[in-house]
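To start, the structure itself, in structure tokens.
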Amino acid sequence: MDKYIGRLLDNRYEILESIGTGGMAVVYKARCHRLNRLVAIKILKDDYLEDEDFRRRFHTESQAVAMLSHPNIVSVYDVSTSVSMEADYIVMELIEGITLKQYMEKKGCLNWKETLHFAMQIAKALEHAHSRGVVHRDIKPHNVMVLKNGSAKVADFGIARMMSKGDTLTKEALGSVHYISPEQAKGGRVDNRSDIYSLGVVMYEMMSGRPPYEGDSPVAVAIQHINGGAIAPSALNPNIPAGMEQIIMKAMAHDLKDRYETATQMLADMEEFRQNPAMVFGYKVPEAGPMRHTPKTPIPFNPDTPKTAAERMEQRQKARQNNHKQAQKRKQESRGSRAATAAIIACSMVAILAIVLFLIFWLNGGMDTKPRTVEVPLLAGKSFDIIENKYDDFVLEKSTYLYDAELEEGYIIEQNPAAGTHVVPGTKIYLTLSKGPAPEELTMPNLTGLTESEARNHPDIKALSIEIEVYRENGDTPKDRVIRSEPAYSEPITAGQTVKIWISLGPDETVEKKGMPNLVGQDLEKAITILQTYGFPEPEYELVFSILPEGKVVTQSIEKNKKVPLTTVVKLEVSKGPEPTTEPPTTVPEPTDPPTTQPPEKPDPTEEEIIFPDDGE
């Protein structure tokens, strides 16, 4: 069993479940008890705790990513070492979504608009990272998260290094071979242009449905990156616009001097193409394989440019035919220079030998591209205690605990991968375990932010056969998401009970909005008058001790100038003067003097106690 799950890291982070494993670390889903939010925590594997070099790399990653703050980059909240649990860890933003790779597998070839949508967000993330001296070095669809709102976030700067340190890759195999840049595959020095190359490969795959290079082994793919000569993506998908193809092939230019120098330059071209999809750039990228012919200078847009889809298609078809003729001509010319070809082959063989040795080291001799596989057994319905040490080919991982009326505590409800699946030895099988029948009473789970379907299918709601009544109202919560529930979060609920939830219809566009006036320092009566003048309802308020004079507004719940609906009720704190203090007597009465006492002050019968509503009401 995982030693971290269920434990509290540094008296703050409760480790809930394992959600992923990388080369150096394991990623867990956790709850931050201080801020009451879910986070992702990356903990260095035990194997490397004694290895100072790995620990140095791990903390280098932390320092690099902590420098970055951008909406298209997964945020880092905390970096620390737990002495009590002997763990080096990073606390990161928990992303709910799928990888770009999963999105591509689901959709197949993406159209140019989708490709541009994701590529521009990745390029913006790289632009920010490069401006801070950080190179990602592992840009691939697997490291880009796609959120439900369509935005993208680049994740796992796990192998990023500071460009200023001038590190090379001769001792480390980094990145993924299908997206690796030529200089990276050679083990040479890399900079931001390596990330740009990888982004070009990702765009190529999004538009064509496959990477530019494929082979029977990682070595074969890496050699193709080193030699260059990828076919133009339009050969695989003729619907790719010419301008988009040129952006992709310039990003993938084999020679560094022909590649985009910065992500900013690439973004500028993408934005220009987005505004004018008929745009054709003047880039000519050597060794990029058969491309549409392009002149050395940009082709200006003029009235004679084909405007209809049919005319543009005819023009592109002629360009392809001309390109084919040019390619045939180049092949004939190349046959005439055998001596030069022999020299090139000799140089290539030296490079091939070097990269083969490099990748053999990387793969620890793992040149076999067809590893042994084993069949996943059926574990659902069995007791975890009985089968825990029974399967040597798998790692059994307790991932989720649910109430189940039919299975006793400790029995397996579900498994992933499913029984019958063929996987490599050592694969983790994530198990959902039963907590036994649900008790008659639980506490209300937090449904805020969930969809109606997610709320109805929440494990605790289903376990108690809770009935859900749905109400809908306007609110600032995103549309179709739960605003609140009754009973509220953490209040007790019982089996068969009816629970009410309110689903957001989104902001009420019919309600006028105005900026909230500044009320701090005003007399309460004047503050009420100001609010009524603006059109806001009378505020709620409570009395607090303050250095401000009695009756002055100390704080307001909505900051000044913030635009809110005129139906908004602002909450105020109003001063009741400084907090009283008890001073010791300045003189001590003589022992012979009789004690001086005063009768307790009687309250004014004309005054009556005022009870103010609680903020939560």
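Quick note, the sequence shown lines up with residues 9 to 625 if you use the numbering used here. Glycine included, C-beta positions come from ideal geometry on N, C-alpha and C. The structure presented is a predicted model; accordingly, all values stated were derived computationally and were not measured.
Quiz prompt | Length of the line joining the Cα atoms of residue 505 and residue 394 | solution = Roughly 36 Å between the two C-alpha positions.
Quiz item: Among all the DSSP beta bridges, which residues are the ones paired with residue 383?
Solution: Answer is 430, bridged to residue 383.
Self-check item: DSSP state of residue 261 mapped onto helix, strand, coil
Solution: Correct three-state label for residue 261: coil.
Quiz prompt | Inter-stretch contact (C-beta, 8 Å, three-pair minimum) for the region 566-583 and the region 513-530 | solution = Judged by pairs of C-beta atoms under 8 Å, the region 566-583 touches the region 513-530, as three or more such pairs exist.
Practice problem: Give me whichever residues DSSP pairs with residue 573 in a beta bridge. | Solution: In the DSSP output, where bridge partners are listed per residue, residue 573 has 521.
Quiz prompt | Proximity winner among 185, 399, 235, 391, relative to residue 359 (alpha-carbon distances) | solution = Looking at the Cα atoms, 235 is the closest of the given residues.
Exercise. Indicate the three-state DSSP secondary structure (helix, strand or coil) for residue 17 in the structure shown.
Key: Correct three-state label for residue 17: strand.
Quiz item: Looking at C-beta atoms only, is the number of pairs between the region 189-200 and the region 244-257 that lie closer than 8 Å three or more?
Solution: Flag = no, the region 189-200 and the region 244-257 do not touch.
Self-check item: Same chain, Cβ closer than 6 Å to residue 223, five either side skipped, listed in chain order
Solution: Excluding sequence positions up to five before and after residue 223, its CB lies within less than 6 Å of the CB of 229, all in the same chain and listed in chain order.
Quiz item: What is the DSSP secondary structure of residue 86, reduced to helix, strand or coil?
Solution: Three-state DSSP puts residue 86 in a strand.
Quiz prompt | Rounded C-alpha distance that separates residue 67 from residue 33 | solution = Taking C-alpha positions only, residue 67 is separated from residue 33 by approximately 12 Å.
Quiz item: Is the beta carbon of residue 138 sitting closer than 8 Å to the one on residue 270?
Solution: With contacts defined as CB atoms closer than 8 Å, residue 138 and residue 270 qualify as a contacting pair.
Quiz item: Name the DSSP beta bridge partners of residue 40, please?
Solution: 21, 45.
Quiz prompt | Span of the beta strand (DSSP E), counted from its first residue to its last, around residue 540 | solution = Per DSSP, residue 540 belongs to no beta strand (DSSP E); it is in the alpha helix (DSSP H), 532-542.
Quiz item: Does DSSP classify residue 100 as helix, strand or coil?
Solution: Under the three-state reduction of DSSP, residue 100 is assigned to strand.
Exercise. Can you tell me which of the three DSSP states residue 492 falls into?
Key: Strand.
Quiz prompt | For residue 120, the residue or residues it bridges with in DSSP | solution = Paired residue(s): none; residue 120 is not in a bridge.
Exercise. Identify which residue in 386, 484, 416, 162 has its Cα closest to the Cα of residue 437.
Key: Nearest option by C-alpha distance: 386.
Practice problem: For the alpha helix (DSSP H) holding residue 272, just list the boundary residues, first then last. | Solution: Per DSSP, the unbroken alpha helix (DSSP H) holding residue 272 starts and ends at 271-283.
Quiz item: In whole angstroms, what is the alpha-carbon distance linking residue 491 and residue 516?
Solution: Each residue's alpha carbon lies about 14 Å from the other.
Quiz prompt | Residue nearest to residue 392 in terms of C-alpha spacing, selected from 415, 380, 159 | solution = Cα-wise, what sits closest to residue 392 is 415.
Exercise. Measure the Cβ-Cβ separation of residue 383 and residue 418 and say whether it is below 8 Å.
Key: Between residue 383 and residue 418, the C-beta spacing is not below 8 Å.
Practice problem: Going by CA-CA distance only, name the one from 141, 128, 109, 119 that's closest to residue 153. | Solution: Measuring from the Cα of residue 153, the nearest candidate turns out to be 109.
Quiz item: What separation, rounded to the nearest whole angstrom, lies between the Cα atoms of residue 97 and residue 40?
Solution: Taking the straight line joining both Cα atoms gives about 14 Å.
Quiz item: Mind checking whether residue 410 and residue 420 have CB atoms under 8 Å apart?
Solution: Contact: no.
Quiz prompt | Assumed close pair residue 23, residue 35 - CB separation to whole angstroms, cut-off 8 Å | solution = The Cβ separation is near 11 Å, so there is no contact.
Quiz prompt | Enclosing beta strand (DSSP E) for residue 402 [first to last residue] | solution = Residue 402 -> beta strand (DSSP E) spans 402-410.
Self-check item: Unbroken beta strand (DSSP E) run spanning residue 579, endpoints
Solution: Where residue 579 is concerned, the enclosing beta strand (DSSP E) stretches over 579-583.
Quiz prompt | Span of the alpha helix (DSSP H) around residue 94 | solution = From DSSP, residue 94 is part of no alpha helix (DSSP H); its letter is neither H nor E.
Quiz item: Do you know how far the Cα of residue 587 is from the Cα of residue 546?
Solution: Cα to Cα, the separation comes out at about 27 Å.
Exercise. Return yes when the Cβ of residue 441 is within less than 8 Å of the Cβ of residue 423, no when it is not.
Key: Taking 8 Å as the Cβ cut-off, residue 423 and residue 441 do not qualify as a contacting pair.
Exercise. Going by DSSP, name the residue or residues bridged to residue 254.
Key: DSSP output for residue 254 lists no bridge partner at all.
Quiz item: For the alpha helix (DSSP H) that contains residue 235, what are its first and last residues?
Solution: Where residue 235 is concerned, the enclosing alpha helix (DSSP H) stretches over 226-235.
Quiz item: Is it buried or exposed for residue 257, if we count other Cβ within 10 angstroms and need 16 for buried?
Solution: Buried, because 16 or more other Cβ atoms sit within 10 Å of the Cβ of residue 257.
Self-check item: Chain-order list of residues whose beta-carbon lies under 6 Å from that of residue 127 (same chain, five-residue window excluded)
Solution: Contacts found: 211.
Self-check item: Of the residues 221, 216, 184, the one placed nearest residue 203, counting alpha carbons only
Solution: Of 221, 216, 184, the smallest CA-CA separation from residue 203 is found for 184.
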